[in-house]
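Novice: Quick one: this structure, given as structure tokens, is what I'll be asking you about.
Residue numbers (our numbering): 36 to 554.
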């Protein structure tokens, strides 16, 4: 489980708590579905002389009412161990854990807490937010499914932590949150033994920037230093993963805060419906009309939630050891872009792999010609977002959705055209380097057109090595052919590709007969 996934719920609770303190102001611009009344915020910035237990109780009541408005009956908010107390210079929000087991899960004693101070009518300072350390979770052995390694306990420790921020509950000015952790570790006990995760340091910075009409652009950057994980595989062999540094950046553009509330409400309702024990019999899950309604609500809430999202994750210095075999990567980057310009869905995935090495790869040709870098960005777009949403909604209600999937996808082409591309290609092998990209426009299965450009440097050197290396001689004719149909531009060999009317042209040479099904 990733560290950010473990910490995210605590951030959300405190953000929700402060939003509850000024819910009327938020509602003026972005009312959440089924809004609940909130406690009145103090009329002036809080000082030690003005904080009272009555104010703390009112804020707690407002928080619980706001949460109820978001999750409905899916969660018994009244039973949540949440409290707001008056402090010397503001409020203190606490979420205690511990006590008897519920649903087979028991938590060790601990408190998630933070001091909050009101700076003006809508701006709050979040100070000294702390997660419990050590913190333990235990699972009743009776819940462990036969033959599956369900953890029996987990212990989390954080040696040092510093989390603070500023939140404007009216969303009119910038809000931010900063995290710094040191000495983070998790130990999980399971049937396969002990799994451990250790991270030397974690830093994070999140900003909420208001745009218009109650919307926000959310940006976040985080880094993890010296990540190390140890676990045992089913056959008893040890798996060790080390990463020198992990960096993540995310931007969500023009997020609809009312839509976010609708999504939380829909997800909570769907979860409550799916978890009803009466629907599970002999391991078979029955999909009810309530489930379908919940799924439709989630899809609709997601459709208008934001204008787009961009994310990038970079892992540097990856080391893997499994059963005596080892390997490493100098860098791995994974990215994702999502948007809907002019109302048409546009998705792109990026992957970039550099510096694959392993002593398990024999010295010689295999190691010498192991790709030094592989990078590409698959890209798909052109389908109207509304029609894609309709397709997903219909698939929820259609019992034969899987059988009708191809027909449904082909029907989308009438709304297109669909655009498919592979961009930012980079492939380094031996002395050669290939770069480029291209794409096609699909208006119908019999109406496809497109093109691209690729260029290679070091191709002549690679051909010479192929001709003199026995293991590579079989590749030499193909490399010579590529060189022959290419056009020399300086030190690079260039291939300009066009496809139209069922013809493939490379530098104006018709290669259609060489394609599958070509004549």
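Cβ atoms here follow ideal geometry from the backbone N, Cα and C, with glycine treated the same way. If you're wondering where the values come from, they're calculated on a predicted model, not measured in any experiment.
So, under 8 Å CB-CB, residue 140 and residue 174 are touching, yes? Tell me the CB distance rounded to an integer number of Å.
Specialist: Here residue 140 refers to the residue found at position 105 when the chain shown is read from its first residue. Here residue 174 refers to the residue found at position 139 when the chain shown is read from its first residue. That belief holds up - the Cβ atoms of residue 140 and residue 174 are roughly 6 Å apart, short of 8 Å.
Novice: Buried or exposed for residue 58, going by 16 or more other Cβ atoms inside 10 Å?
Specialist: Numbered from 1 along the chain shown, position 23 holds the residue referred to as residue 58. In this predicted model, residue 58 has a pLDDT of only 32, less than 50, meaning its place in the structure is not dependable; the value taken from the coordinates is given anyway. Buried.
Novice: One question on the structure: do residue 239 and residue 256 come within less than 9 Å of each other, judged by their Cβ atoms?
Specialist: By 1-based counting over the chain shown, the position of residue 239 is 204. By 1-based counting over the chain shown, the position of residue 256 is 221. A contact, by the Cβ cut-off of 9 Å.
Novice: In chain order, what residues of the same chain lie with their CB nearer than 6 Å to the CB of residue 64, ignoring the 5 residues before and after it?
Specialist: Against the chain shown, residue 64 aligns to sequence position 29. Residue confidence for residue 64 is low, a pLDDT of 31 falling below 50, so the modelled location carries little weight and cannot support an answer.
Novice: Where in the stretch 395-436 do unbroken runs of the beta strand (DSSP E), each at least 3 residues long, occur, reported from the N-terminal end onward?
Specialist: Complete beta strand (DSSP E) runs here, min 3: 408-419.
Novice: Within its chain, find whatever has a CB closer than 6 Å to the CB of residue 119; leave out the 5 residues flanking it on each side and keep chain order.
Specialist: Mapped onto the chain shown, residue 119 falls at position 84. Answer for residue 119: 91, 94, 95, 126 and 128, listed in chain order.
Novice: Tell me whether the stretch 257-270 and the stretch 291-301 touch, counting them as touching only if at least three CB pairs, one residue from each stretch, are closer than 8 Å.
Specialist: No contact exists between the stretch 257-270 and the stretch 291-301.
Novice: Using the three-state DSSP reduction, which class does residue 356 fall into: helix, strand or coil?
Specialist: The sequence position of residue 356 within the chain shown is 321, counting from 1. Of the three classes helix, strand and coil, the one that applies to residue 356 here is strand, per DSSP.
Novice: Assign residue 524 to buried or exposed, taking buried as 16 or more other Cβ atoms, counted over all protein chains shown, within 10 Å of its Cβ.
Specialist: Position 489 of the chain shown, counting from 1, holds the residue named residue 524. Result: exposed.
Novice: If you follow the alpha helix (DSSP H) that residue 512 is in, where does it begin and where does it stop?
Specialist: In the chain shown, counting from the first residue as 1, residue 512 sits at position 477. Residues 511-520.
Novice: For the structure I just gave you, are there three or more beta carbon pairs, one from the stretch 353-365 and one from the stretch 327-337, closer than 8 Å?
Specialist: Counting Cβ pairs under 8 Å, fewer than three are found: no touch.
Novice: Please classify residue 547: does DSSP put it in a helix, a strand, or coil?
Specialist: The residue you call residue 547 lines up with position 512 of the chain shown. Of the three classes helix, strand and coil, the one that applies to residue 547 here is helix, per DSSP.
Novice: Is DSSP giving residue 244 helix, strand or coil here?
Specialist: Against the chain shown, residue 244 aligns to sequence position 209. Residue state, collapsed to three classes: strand.
Novice: Measure the Cβ-Cβ separation of residue 459 and residue 412 and say whether it is below 9 Å.
Specialist: Locating residue 459 in the chain shown gives position 424, where the first residue counts as 1. Locating residue 412 in the chain shown gives position 377, where the first residue counts as 1. Yes. Within cutoff.
Novice: Can we say the stretch 270-288 touches the stretch 340-349, given the rule of at least three CB pairs closer than 8 Å?
Specialist: The stretch 270-288 vs the stretch 340-349: in contact.
Novice: Look at residue 162 and residue 190 and say whether their C-beta atoms are less than 9 Å apart.
Specialist: Start at 1 with the first residue of the chain shown, and residue 162 comes out as number 127. Start at 1 with the first residue of the chain shown, and residue 190 comes out as number 155. In this structure, residue 190 does not lie closer than 9 Å to residue 162 by Cβ.
Novice: Under the rule that 16 or more other beta-carbon atoms within 10 Å means buried, what is residue 520, buried or exposed?
Specialist: By one-based count along the chain shown, residue 520 stands at place 485. It is exposed - the Cβ of residue 520 has fewer than 16 other Cβ atoms within 10 Å.
Novice: Measuring straight from C-alpha to C-alpha, what distance separates residue 414 and residue 344?
Specialist: On the chain shown, residue 414 is found 379 positions in, with the first residue counted as 1. On the chain shown, residue 344 is found 309 positions in, with the first residue counted as 1. In a straight line, the C-alpha of residue 414 is about 15 Å away from that of residue 344.
Novice: Let's see if you can read the secondary structure: which residues bound the alpha helix (DSSP H) around residue 508?
Specialist: Counting from 1 along the chain shown, the entry for residue 508 is found at position 473. Here residue 508 belongs to no alpha helix (DSSP H), and DSSP marks it neither H nor E.
Novice: So residue 211 packs on residue 253, CB below 8 Å; how close in whole Å?
Specialist: Residue numbering aside, residue 211 sits at position 176 when the chain shown is read from its first letter. Residue numbering aside, residue 253 sits at position 218 when the chain shown is read from its first letter. Incorrect: roughly 11 Å between the Cβ atoms, too far for contact.
Novice: What residue range does the beta strand (DSSP E) around residue 286 cover?
Specialist: Working through the chain shown from its first residue, we reach residue 286 at position 251. Element bounds for residue 286: 273-291.
Novice: Would residue 229 be called buried (16 or more neighbouring beta carbons within 10 Å of its own) or exposed?
Specialist: Sequence index remark: in the chain shown, residue 229 carries index 194 (1-based). Flag for residue 229 reads exposed.
Novice: Run through DSSP, which three-state label would residue 334 get?
Specialist: Taking the first residue of the chain shown as 1, we reach residue 334 at position 299. Here residue 334 sits in helix by DSSP.
Novice: Going by C-alpha distance, which of 546, 537 and 536 is nearest residue 517?
Specialist: For the purposes of this step, residue 517 is taken as residue 482 along the chain shown, with counting starting at 1. Of the candidates 546, 537 and 536, the one whose C-alpha sits nearest the C-alpha of residue 517 is 546.
Novice: Rounded to whole angstroms, what is the Cα-Cα separation between residue 376 and residue 509?
Specialist: Taking the first residue of the chain shown as 1, we reach residue 376 at position 341. Taking the first residue of the chain shown as 1, we reach residue 509 at position 474. Each residue's Cα considered, the two are about 47 Å apart.
Novice: At what residues does the beta strand (DSSP E) containing residue 323 begin and finish?
Specialist: Position 288 of the chain shown, counted from the start, is the residue given in the question as residue 323. No beta strand (DSSP E) contains residue 323, which DSSP labels as neither H nor E.
Novice: For residue 252, report the span of its beta strand (DSSP E) as first-last.
Specialist: For this step, residue 252 is matched to residue 217 along the chain shown. Start and end: 250-267.
Novice: Counting only the same chain and skipping the five closest in sequence on each side, list residues whose C-beta sits under 6 Å from that of residue 389.
Specialist: Residue numbering aside, residue 389 sits at position 354 when the chain shown is read from its first letter. Within the same chain, residue 389 has close Cβ partners 365, 366 and 408.
Novice: Cα separation between residue 422 and residue 378?
Specialist: As a first step, residue 422 is located in the chain shown; it is residue number 387 there, counting from the start. As a first step, residue 378 is located in the chain shown; it is residue number 343 there, counting from the start. Computed Cα separation, rounded: 10 Å.
Novice: May I have the straight-line CA-CA distance separating residue 467 from residue 279, to the nearest angstrom?
Specialist: Translated into positions along the chain shown, residue 467 becomes position 432. Translated into positions along the chain shown, residue 279 becomes position 244. Spanning the two alpha carbons is a distance of roughly 29 Å.
Novice: Mapping the DSSP letters down to three states, classify residue 68 as helix, strand or coil.
Specialist: Indexing the chain shown from 1 puts residue 68 at position 33. Low confidence applies to residue 68: its pLDDT is 35, below 50, so where it sits in the model is not reliable, and the reading given next is rough at best. Residue state, collapsed to three classes: coil.
Novice: Using the C-alpha atoms, what's the distance from residue 112 back to residue 103?
Specialist: Taking the first residue of the chain shown as 1, we reach residue 103 at position 68. Taking the first residue of the chain shown as 1, we reach residue 112 at position 77. Each residue's alpha carbon lies about 6 Å from the other.
Novice: I need the straight-line Cα distance from residue 503 to residue 483, nearest angstrom please.
Specialist: Start at 1 with the first residue of the chain shown, and residue 503 comes out as number 468. Start at 1 with the first residue of the chain shown, and residue 483 comes out as number 448. Going from the Cα of residue 503 to the Cα of residue 483 covers about 41 Å.
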